[in-house]
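Per our numbering, residue 52 is the first one in the sequence shown, and the count goes up by one each step.
Don't be surprised by glycine CBs; every beta carbon is placed ideally from N, CA and C.
It should be emphasised that the depicted structure is a prediction, and the values quoted were computed from it without experimental measurement.
Worksheet for the structure shown next.
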Amino acid sequence: MARRRSRRPQSSRLAQPLDRVALMVMAGLSLALGLLILSGDHATARVRDFSWQDRQVGAEDRAFLITFSRPMDVASVEQNLTADPPLPGKVSWAGRRMAYTLTAPLPYGESFTVSLEGARDRYGANADRPGHFEPFEATFQTRQRAFLYIGTTGDEANRLVLADVARQERTILTPKTLSVLAFEPYPLGDKVLFSASDTSQQDGSLLNQQIYTVTTGITPRPPVDFTRDRPPFWQQVLPPRPPVPSGELSLILDNQNYQNLKFDLSPDGQTIVVQRVNQQDPADFGPWLVRPGESPRPIETEPGGDFLIAPDSQSLLLLQGQGTAIIDLGDDVSRGPRQPLDFLPNYGRVLDMAADGSAAAMVNFNQDDPEKRFTESLFLVTNQGREEELLQVNGAILEAAFDPTQPVLYVLASELIDPADSLEEPILQATDAYVEQPLLLAIALTSGEVSPLLRLPQQQPIHLSVAPDGRALLLDLAGADTGAGAPEAPKIWYLPVVHQATQAASPAAESPAAKSQPAESPAAESPETKGPGAKTSPLESADASPASDPAATSEPAVTPPTLAAPEEFPFSGIQATWLP
Numbered sequence: 052m053a054r055r056r057s058r059r060p061q062s063s064r065l066a067q068p069l070d071r072v073a074l075m076v077m078a079g080l081s082l083a084l085g086l087l088i089l090s091g092d093h094a095t096a097r098v099r100d101f102s103w104q105d106r107q108v109g110a111e112d113r114a115f116l117i118t119f120s121r122p123m124d125v126a127s128v129e130q131n132l133t134a135d136p137p138l139p140g141k142v143s144w145a146g147r148r149m150a151y152t153l154t155a156p157l158p159y160g161e162s163f164t165v166s167l168e169g170a171r172d173r174y175g176a177n178a179d180r181p182g183h184f185e186p187f188e189a190t191f192q193t194r195q196r197a198f199l200y201i202g203t204t205g206d207e208a209n210r211l212v213l214a215d216v217a218r219q220e221r222t223i224l225t226p227k228t229l230s231v232l233a234f235e236p237y238p239l240g241d242k243v244l245f246s247a248s249d250t251s252q253q254d255g256s257l258l259n260q261q262i263y264t265v266t267t268g269i270t271p272r273p274p275v276d277f278t279r280d281r282p283p284f285w286q287q288v289l290p291p292r293p294p295v296p297s298g299e300l301s302l303i304l305d306n307q308n309y310q311n312l313k314f315d316l317s318p319d320g321q322t323i324v325v326q327r328v329n330q331q332d333p334a335d336f337g338p339w340l341v342r343p344g345e346s347p348r349p350i351e352t353e354p355g356g357d358f359l360i361a362p363d364s365q366s367l368l369l370l371q372g373q374g375t376a377i378i379d380l381g382d383d384v385s386r387g388p389r390q391p392l393d394f395l396p397n398y399g400r401v402l403d404m405a406a407d408g409s410a411a412a413m414v415n416f417n418q419d420d421p422e423k424r425f426t427e428s429l430f431l432v433t434n435q436g437r438e439e440e441l442l443q444v445n446g447a448i449l450e451a452a453f454d455p456t457q458p459v460l461y462v463l464a465s466e467l468i469d470p471a472d473s474l475e476e477p478i479l480q481a482t483d484a485y486v487e488q489p490l491l492l493a494i495a496l497t498s499g500e501v502s503p504l505l506r507l508p509q510q511q512p513i514h515l516s517v518a519p520d521g522r523a524l525l526l527d528l529a530g531a532d533t534g535a536g537a538p539e540a541p542k543i544w545y546l547p548v549v550h551q552a553t554q555a556a557s558p559a560a561e562s563p564a565a566k567s568q569p570a571e572s573p574a575a576e577s578p579e580t581k582g583p584g585a586k587t588s589p590l591e592s593a594d595a596s597p598a599s600d601p602a603a604t605s606e607p608a609v610t611p612p613t614l615a616a617p618e619e620f621p622f623s624g625i626q627a628t629w630l631p
């Protein structure tokens with residue numbers, strides 16, 4: 052008898068695990084497809100990424116990027132992009148990415164809003180039914196106005212202090228046992244490099260200084276740097292680190308075998324150069340290189356004097372002999388003495404360099420010219436080899452600093468004058484033929500026009516610092532002798548800068564993001580207006596030289612700036628320096 056083959060029921064076959072999974076996937080895809088059809092058009096263009104979203108930008112940040120989800124109609128984006136306060140700049144495109152480059156550093160201590168509505172994608176602009184664009188709005192801030200100084204009175208004496216300009220608050224960063232001698236802030240303002248001697252030690256003299264860093268308590272939120280390698284994915288997903296409190300010290304370089312003298316910090320914050328002297332052999336001296344994660348090592352070159360790290364952070368300007376040598380700091384240099392990349396004869400000091408490295412302000416002591424003996428000349432030396440004399444004085448050139456926003460150079464210099472023409476009571480005997488009158492000058496680099504801004508009291512030292520946004524100067528003056536044996540405490544003055552409008556407007560001023568009404572500049576404050584805690588200024592405005600005719604030049608003429616009413620801060624200290 053034939054055996055009947057049994058059949059499994061249909062329900063049992065559907066009960067297999069693989070069949071159930073397949074049915075669930077099919078049902079899910081069908082549901083998702085239905086929802087997509089019912090929800091309508093999904094070709095909406097939007098901003099996918101804004102590089103300054105909720106970031107804190109500084110003077111070195113000159114461009115932001117906006118990345119779109121679809122190729123965009125360029126004209127519709129540029130016409131509808133707005134910013135409040137306005138952001139003069141220019142636009143460039145690369146596919147779906149738009150770059151907006153500012154024409155000047157942003158003012159510090161402000162918040163900005165960037166908005167975009169009514170833009171169209173490239174395909175929607177040519178279609179009968181234009182596509183949708185999701186309105187976009189984002190905010191970012193600039194860094195707070197703050198500066199550092201070395202205190203001179205009370206609990207601040209010989210200690211490093213951070214001052215907040217807006218809040219009029221001070222924070223002492225270093226302990227009482229450390230007597231601070233010099234300092235330089237790091238690029239983001241979160242740390243400060245300084246030299247100090249430990250007064251609690253028996254050998255705590257000024258010659259036994261060590262190099263430290265201290266935190267300021269500032270938590271930087273800089274924009275993403277697309278030129279650097281992106282951090283690993285695990286670092287991106289980790290929660291942000293808690294804020295670092297102020298006052299945390301780290302020893303960078305001790306004084307066990309060498310005395311530490313002058314130092315300089317590179318603009319990128321990754322290189323420190325320190326002038327060191329062997330305590331057992333004074334003939335063994337010269338610059339040393341200090342980098343994170345590496346042991347300090349001497350720079351094999353001829354001994355020199357004063358020095359300055361260039362803006363590229365890869366070369367060193369070192370005074371050697373009768374000129375200034377440019378030394379390579381790169382790691383690819385073979386062992387042995389480093390030959391200068393270039394040598395600039397006759398220049399005995401480098402006062403400052405432009406942020407882009409295009410020019411340097413250098414001093415010639417005129418030792419080789421009999422007609423210029425006992426004078427000093429200030430030269431502008433460019434990276435193209437041009438050397439232009441800007442100023443010659445019969446006194447001394449003390450300091451110089453480039454304006455980060457305009458082709459202007461601020462100079463502290465002194466001129467020899469008759470004691471009868473001095474601003475102060477005669478302090479010299481009748482046999483003295485002259486006195487040195489300090490002056491604050493501004494030089495327009497495009498025309499060479501020199502404009503005296505202030506005549507300063509006859510006291511030393513005087514220190515100058517230019518704000519990173521170019522809108523103010525800091526000037527600290529040593530206390531005058533009261534005749535009672537104790538000089539007055541040093542004073543720190545805030546000098547708002549007013550830049551004169553150029554004859555020809557920049558095309559970038561017509562950019563779409565500059566549509567909003569410009570906010571009133573804090574530097575354009577009326578001379579009669581004074582901020583909180585302001586006092587009557589003993590600084591006397593100097594007579595400015597007549598302005599040059601803008602029509603005489605083919606390019607827009609830049610006239611030297613003027614100063615609004617100086618204000619005295621309720622702080623007492625020296626070496627007042629703006630945070631970057």
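- For residue 415, the enclosing beta strand (DSSP E) begins and ends at 410 to 415.
- According to the DSSP assignment, residue 233 belongs to no alpha helix (DSSP H) but to the beta strand (DSSP E) extending over 229 to 236.
- Counted as a single uninterrupted DSSP element, the alpha helix (DSSP H) harbouring residue 131 occupies residues 125 to 131.
- Secondary structure at residue 71: helix, using DSSP grouped into helix, strand and coil.
- Scanning its chain for C-beta atoms nearer than 8 Å, with the 5 sequence neighbours on each side dropped, one finds around residue 273 the residues 106, 107, 108, 109, 112, 239, in chain order.
- The segment 542 to 552 makes contact with the segment 610 to 619, as at least three CB pairs between them are under 8 Å.
- The beta carbons of residue 545 and residue 523 sit about 6 Å from each other, so the pair counts as a contact at 8 Å.
- Residue 221 has 214 as its beta-bridge partners, per DSSP.
- By the beta-carbon neighbour count (other beta carbons within 10 angstroms, threshold 16), residue 315 is buried.
- In its chain, beyond the 5 residues on either side, 456 have a beta carbon closer than 6 Å to the beta carbon of residue 155.
- Residue environment: residue 205 is assigned as exposed (fewer than 16 neighbouring CB atoms within 10 Å of its CB, all protein chains considered).
- By the Cβ-count criterion, residue 242 is buried, with 16 or more other Cβ atoms from all chains shown falling within 10 Å of its own Cβ.
- For residue 350, no beta strand (DSSP E) encloses it, and the DSSP letter there is neither H nor E.
- Taking a cut-off of 8 Å for Cβ pairs, the segment 95 to 104 and the segment 388 to 407 do not touch, as fewer than three such pairs fall below it.
- Here residue 381 carries a coil assignment [DSSP, helix/strand/coil].
- In the three-state reduction of the DSSP assignment, residue 140 falls in the strand class, which pools E and B.
- According to DSSP, residue 488 shares a beta bridge with 466.
- Beyond the five residues adjoining it in sequence on each side, residue 302 comes within less than 7 Å, by CB distance, of 261, 263 in the same chain, given in chain order.
- Every beta strand (DSSP E) of 3 residues or more that sits fully in the segment 496 to 536 is shown, in chain order, as 501 to 506, 513 to 517, 523 to 528.
- With a beta-carbon spacing of about 5 Å, residue 224 and residue 265 fall inside the 8 Å limit used to define contacts.
- Counted as a single uninterrupted DSSP element, the beta strand (DSSP E) harbouring residue 544 occupies residues 542 to 549.
- Note on the segment 296 to 364: whole beta strand (DSSP E) runs with a minimum of 3 residues are 300 to 304, 309 to 316, 323 to 329, 336 to 341, 358 to 360, in chain order.
- DSSP, reduced to helix, strand and coil, places residue 83 within a helical segment of the structure shown.
- Counting along the chain, no beta strand (DSSP E) covers residue 155, and no H or E run does either.
- Inclusion of residue 495 and residue 459 in the CB contact set at 7 Å is warranted, their separation being smaller than that value.
- Boundaries of the beta strand (DSSP E) around residue 451: 447 to 453.
- For residue 76, the secondary structure class from DSSP, reduced to helix, strand or coil, is helix.
- Per DSSP, the continuous beta strand (DSSP E) segment holding residue 403 begins and ends at 400 to 404.
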